[in-house]
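Protein chains in written order, with full-length UniProt numbering: chain A, 1 to 64; chain B, 1 to 277. Beta carbons are placed, not taken as given, at the ideal position from N, Cα and C, and that holds for glycine. Here the structure is laid out as structure tokens; the discussion comes afterwards.
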Ligand SMILES: Cc1ncc(C[n+]2csc(CCOP(=O)(O)OP(=O)(O)O)c2C)c(N)n1
Ligand code: SF4
Ligand code: SF4
Ligand code: SF4
Ligand SMILES: [Mg+2]
């Protein structure tokens, strides 16, 4: 499972950053004003998905 | 001491791990950052092995980002899920024998006042509900009754989570856990009321679902402990593993049962107003 941001839907509100129990995983890009998720540190808890008011975070099945 | 809590000795720049270099170049030391800056600087926790969706892990992450002076803070923890994260924290921290955290912190704070009379050294006790309200209750109470300059932060997951789910004094009446199958027979210990009656100048409760408020409470609790006397912050941090709910529900559950309370003594009120926090 891969958790990622749909750039076109993200408003850069940063609420997801305050919902993620993992440090340094969701980072804000000040130039593009959107966030990015580092899949290496993500534990797929889905708290960011539940928190995002724009439904801008998705999970996709990926083969390991 | 400011940013030089983390520096690289000359000649070692190339071989230090990238994560450490990030901490030196982009860490929060001495920069006055807070919750609102999360996601734009290198955080003080590198990574941690706590469960997915852990409310306690998020609370420590938010607390670390809210410390008014991380470079001059010493966190005293004790046995429990928190102690598995602490070794990964780039803030001075001490692991104490289970329940002994407040005694250790009080001695440390007094020693630091003597050793550094002109500097602020914030000593913060951060421990679980079992550590604070059960096994460590007596030392906790005595630091409050003695008006020690300590901040006590309880990570309240309402169970002994690290040992597989026994009930704690902070579990709710009727709570059923793996190792409390018949349900708890008495209500949650009223720690905020006890803290207030025992001399804390600032007492607050919040949940991990309220990040900005939590951040402000951490700052207030530490500032008041620095200047006036003991402070207590109780953070509700639901545990998906022992209460058996989906990891995606931690914040929803925190919000549903969140109790926000703030008691501020008149002396503390004045200080908070002056500091504008
Ligand atoms: C003196 C002592 N007694 C008992 C234990 C076993 N023990 C380890 S963690 C723990 C419970 C911790 O509960 P809490 O403080 O609520 O922290 P949590 O794991 O829930 O975050 C217990 C009883 C111990 N390590 N040391
Ligand atoms: S799924 Fe969980 S761990 Fe992964 S980015 Fe979202 S909140 Fe963080
Ligand atoms: S919560 Fe959603 S909209 Fe807000 S920053 Fe995160 S992904 Fe973007
Ligand atoms: S057992 Fe509960 S409190 Fe402990 S790490 Fe897992 S989710 Fe967090
Ligand atoms: Mg506990």
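Three or more beta-carbon pairs separated by less than 8 Å link the segment 155-175 of chain B to the segment 70-84 of chain B, which places the two stretches in contact. Within a 10 Å sphere around the beta-carbon of residue 11 (chain A) sit fewer than 16 other beta-carbons, which makes this residue exposed.
Within 6 Å of the C-beta of residue 210 (chain B) there is not a single heavy atom belonging to ligand 5.
When DSSP states are grouped into helix, strand and coil, residue 254 (chain B) belongs to the helix group. Residue 60 (chain B) has its alpha-carbon roughly 13 Å from the corresponding atom of residue 209 (chain B).
Rounded to whole angstroms, the separation of the alpha carbons of residue 186 (chain B) and residue 87 (chain B) is 35 Å. Counting only heavy atoms of ligand 2, the residues whose C-beta sits closer than 6 Å to one of them are, along the chain, A:3, A:19, A:20, A:22, A:25, A:26, A:37, A:42, A:43, A:44, A:45, A:46, A:47, A:48. In the assembly as shown, residue 63 (chain A) is an exposed residue. Its beta-carbon has fewer than 16 other beta-carbons within 10 Å. Under the 10 Å beta carbon count, residue 138 (chain B) is surrounded by fewer than 16 other beta carbons and is classified as exposed.
The Cβ neighbour count for residue 236 (chain B), taken over all protein chains shown within 10 Å, is at least 16; the residue is labelled buried. Excluding the 5 residues flanking it on each side, residue 212 (chain B) has same chain C-beta neighbours closer than 8 Å at 35, 36, in chain order. The CB of residue 50 (chain A) comes closer than 8 Å to the CB of 248, 249, 251, 252 in chain B, given here in chain order. Here the alpha carbon of residue 45 (chain B) sits roughly 11 Å from the alpha carbon of residue 25 (chain A).
Distance from the CA of residue 57 (chain A) to the CA of residue 38 (chain A), rounded to the nearest whole angstrom, comes to 13 Å. Shown here, residue 3 (chain A) sits in a strand according to DSSP, grouped into three states. Burial check for residue 65 (chain B): the Cβ neighbour count within 10 Å reaches 16 or more, so the residue is buried.
Residue 128 (chain B) is bridged by DSSP to B:155. A contact between stretches requires three or more CB pairs, one per stretch, nearer than 8 Å, and the segment 175-182 of chain B fails this requirement with the segment 120-133 of chain B. In the three-state reduction of the DSSP assignment, residue 51 (chain A) falls in the helix class. Under the 7 Å criterion on CB atoms, residue 40 (chain B) is classed as interfacial with respect to chain A. Distances from the CA of residue 74 (chain B) to each of B:167, B:195, B:110, B:16 were compared; the closest alpha carbon is that of B:110.
By the beta-carbon neighbour count (other beta carbons within 10 angstroms, threshold 16), residue 157 (chain B) is buried.
Contacts between residue 35 (chain A) and chain B, judged by CB atoms closer than 7 Å, involve 39 in chain order.
At the C-beta level, residue 17 (chain A) and residue 42 (chain A) stay beyond 7 Å of one another. The C-beta distance from residue 152 (chain B) to residue 140 (chain B) rounds to 6 Å, short enough to fall under 8 Å. Assigned with DSSP and collapsed to three states, residue 36 (chain A) falls in strand. In the three-state reduction of the DSSP assignment, residue 114 (chain B) falls in the helix class. Within the UniProt domain "4Fe-4S ferredoxin-type" (1-31) of chain A, the residues whose Cβ lies closer than 8 Å to any Cβ of chain B are, in chain order, 14, 17, 18, 19, 20, 21, 22, 23, 24, 26, 27, 28, 30. The beta carbon of residue 8 (chain A) sits closer than 6 Å to no other beta carbon from its chain once the five residues preceding and following it are set aside. The beta carbon of residue 45 (chain A) falls within 7 Å of a beta carbon belonging to chain B, placing the residue at that interface. Shown here, residue 209 (chain B) sits in coil according to DSSP, grouped into three states, outside any helix or strand.
Residue 51 (chain B) has its CB nearer than 6 Å to a heavy atom of ligand 4. Annotation for residue 236 (chain B) indicates a beta carbon at 6 Å or more from all heavy atoms of ligand 1.
Closest by C-alpha distance to residue 20 (chain B), out of B:228, B:33, B:47, is B:47. The beta-carbon of residue 201 (chain B) is placed no less than 7 Å from the nearest beta-carbon of chain A.
At a cut-off of 6 Å, the beta-carbon of residue 40 (chain B) does not count as near ligand 3: no heavy atom of the ligand is closer than that.
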